[in-house]
Each structure stands twice: as C-alpha cells, then as structure tokens.
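In the numbering used here, the protein residues as written are 21 to 212. One structure is given below, encoded as structure tokens.
Below you can see the structure in the form of structure tokens.
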C-alpha cells in the first residue's frame, strides 16, 4: 500500500470542493427518471456531467496561478456552457423520439459501465500536491468519459437535433484532452 501524499491546506480546500462537485455530478447523472427516449435520458444524464466540468474549472481558477491552466479552465467554462445551452434548447423536442426496450437496455448498460469507471477514477486519492496536476488528471478522465458517453448514444436512433451537438461535443472534448495532456506534462515537469 502506498503512503498517502502530504497535502497542503490549499490543496485540501481545492480537493474538498472538487469532491462536492463530483458527488453532485454523480447524483445528477445517476438519479434520472428513465424514459423510453434515449435522447431524453442522455440529455438529462449529460447535463450534470457538463455542469461539473464548468464547476471544476471555476474551482481551479480560485487556486491556480498557472496562466496556461487558467486560460484552459476559462475555455472549458465557455465551451461547456455552450454545450449545456444547446442541450437545454432541444431537450423538450428530443423526448419525442422513442426507442425499444432492447435499445434502452443496451444504451443503459454501456452508460453505466462508462459512468462507473469515471466515478471510480474521479474518487481515487490525489496523486499530487499540485492543484494543477490534480485538476488536469481529473478533467482528462472526465472528458474521456464524455467522449465515450456521446459515442454510446450515437449508436442508436436519436433526435436529429442532438446529432450535430454530439459531434461538436466529441470534437471539442478530444481537442481539450490533447491540450490537457500537454499542460499536464508541463505541470508534472515543473510540479507547480
């Protein structure tokens, strides 16, 4: 068993707020009234996921002095707010598209696998005393799950208005994952 990393008071405060954000996301994604519409279910499940990215980024902005991380967090807030706004705008129209019980079962099984893997990774102990490293590691896990969740829903007959939003979301998240990996490499090199 590895010895826990000694954490500064500032890192602990950051991590406590981050934990609250993640717990709220997990509840929002898990406690959804499931309907016969995969489109509707996905929108209700992914909005808390997107809101968590915004809140996690707002949290890191209170603590980091790393300008590239600050700029990245501001970009996440902007892009994820746009995604949430787009999803909320079509939510009432998308519930009309219904799916079979089998499709719903297939969708939910994969959704649960992706979500549980993400939840476990986000709830594991921090690997660094660096707020920047912790933020970037968590956000990479978060974004990778977001890509997989969007790819999962695209396998089914869904609301046509949702498709371009998902395609844009996947592209945005993949670009942000690449950017985060570069920021993480730099942050780990200087451990700042």
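We put the CB at the ideal spot given by N, CA and C, even for glycine. Predicted, not measured: the structure shown is a model, and the values here were computed from it.
Beta-carbon contacts of residue i that lie in its chain and below 6 angstroms, excluding the five residues immediately before and after
{"i": "residue 86", "result": "152"}
{"i": "residue 141", "result": "161"}
Beta-carbon contacts of residue i that lie in its chain and below 7 angstroms, excluding the five residues immediately before and after
{"i": "residue 77", "result": "93, 96, 97"}
{"i": "residue 186", "result": "170, 173, 174"}
{"i": "residue 75", "result": "41"}
{"i": "residue 139", "result": "46"}
Presumed contact (8 angstroms Cβ cut-off) between residue i and residue j, rounded CB distance
{"i": "residue 149", "j": "residue 57", "result": "Not really, about 45 angstroms apart at Cβ, beyond 8 angstroms."}
{"i": "residue 178", "j": "residue 80", "result": "Contact flag wrong, Cβ pair sits at about 33 angstroms."}
{"i": "residue 158", "j": "residue 43", "result": "Not quite, the Cβ-Cβ distance comes to about 13 angstroms (not below 8 angstroms), so this is no contact."}
{"i": "residue 70", "j": "residue 110", "result": "Rounded, the Cβ-Cβ distance is 14 angstroms, inconsistent with contact."}
{"i": "residue 59", "j": "residue 115", "result": "7 angstroms"}
{"i": "residue 67", "j": "residue 107", "result": "6 angstroms"}
Through-space distance from residue j to residue i, alpha-carbon basis
{"i": "residue 219", "j": "residue 121", "result": "Outside the displayed span of the chain (21 to 212) sits residue 219, for which this structure offers no information."}
{"i": "residue 204", "j": "residue 156", "result": "6 angstroms"}
{"i": "residue 209", "j": "residue 34", "result": "21 angstroms"}
{"i": "residue 135", "j": "residue 46", "result": "8 angstroms"}
{"i": "residue 124", "j": "residue 207", "result": "42 angstroms"}
{"i": "residue 212", "j": "residue 63", "result": "Confidence at residue 212 is low in this model, with a pLDDT of 45, below 50, so its placement is unreliable and the value that follows should be read with caution. Each residue's alpha carbon lies about 37 angstroms from the other."}
{"i": "residue 100", "j": "residue 168", "result": "16 angstroms"}
{"i": "residue 160", "j": "residue 73", "result": "10 angstroms"}
{"i": "residue 126", "j": "residue 24", "result": "39 angstroms"}
{"i": "residue 132", "j": "residue 48", "result": "13 angstroms"}
{"i": "residue 201", "j": "residue 188", "result": "20 angstroms"}
Beta-carbon proximity list for residue i, same chain, < 8 angstroms, skipping 5 on both sides
{"i": "residue 30", "result": "83, 151"}
{"i": "residue 113", "result": "179, 181"}
{"i": "residue 154", "result": "31, 34, 35, 38, 146, 147, 148"}
{"i": "residue 184", "result": "none"}
*Within the chosen definition, does the region 129-145 reach the region 195-212 through at least 3 CB pairs nearer than 8 angstroms?*
no
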